[in-house]
Structure formats: C-alpha cells, structure tokens
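The next block holds one structure in the form of structure tokens; read it before the comments.
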Amino acid sequence: MVEFRILGPLRAMADGETVEMGTPRQRTLLGLLLVRAGQTVSTDRLAEDLWDGAPPDTARHSLQAYVHRLRRALGAEAWRLATRPRGYQLKVSVDEVDALRF
C-alpha cells in the first residue's frame, strides 16, 4: 500500500519509506492528480497547469514521459495511474491521501 501526503511537502510513502517521485514537474503532476483523486484530468488541463498557462509544443510528449517515470517510481502500485481516453486518473482511496481523511 502507498500513502500520499499533500498537506505540507508532497510525499509518497510505501511500507514506511519515502518513494522518490522525481523532478519538481513530476511531483507537481502527481499533486495535480491527487487533488482530483479518482477523476480523469484532461491532458490539456494538466499541460496548462504544469506550464502556468503557457505549455510548450512538446507538452504532450513531456507529460507522457512524466507519467511513465511516475509509474516506474510507484513500482507495484503503478496501476493507480491510469491512462484514460482524454487524460489520466489517479486511483486512490480516502485512507491513502492525508488531505482526503479530513
């Protein structure tokens, strides 16, 4: 099981150990998906948010690379980060995200 902490610095914990989530933009992507946990977030919305309203021409490709790296970092929990027809969805339960428990 993995636990996501978004109150304070963003962290992912697995078996009591911090999971390295990569670059600042990858962590931002994870945060964007966590605040919309269980919802499909469009690639356009993610690109707009990741690049402060001015995504580069390479945004879609970069986004795919970030998702790939996040899945690799999640290891056995990679199934949680699902590709949907128009975007991505992070599958988590209320117990797995600190902010959702309140």
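The end of the sequence shown is residue 108 by the working numbering, with every number in the run present. The beta carbon of each residue, even a glycine, is placed where N, CA and C say it ideally should be. Only a predicted model underlies this, so the values are computations on that prediction, with no experimental measurement involved.
Flag this pair as yes or no: are the beta carbons of residue i and residue j separated by less than 8 angstroms?
i	j	result
E23	A79	no
L87	V73	yes
L16	L35	no
P3	E54	Any question about residue 3 goes unanswered here, given that the chain covers just 7 to 108.
V103	A43	yes
Let me make sure I understand the geometry here. Which of the options has the alpha-carbon closest to that of residue i?
i	options	result
Y94	R17, D104 and V41	V41
R92	S99, Y72, Q45 and D58	Q45
V47	W85, L96 and A82	L96
H67	D58, G59, M7 and L52	L52
Less than 8 angstroms between the CB atoms is what I'm expecting for residue i and residue j, so what's the real figure, rounded?
i	j	result
L69	T49	6 angstroms
A71	L13	A71 to L13, Cβ: 28 angstroms. No contact.
Which value, in whole angstroms, describes the spacing of the CA atoms of residue i and residue j?
i	j	result
R31	L39	12 angstroms
D21	F10	12 angstroms
E83	A18	11 angstroms
R33	F108	22 angstroms
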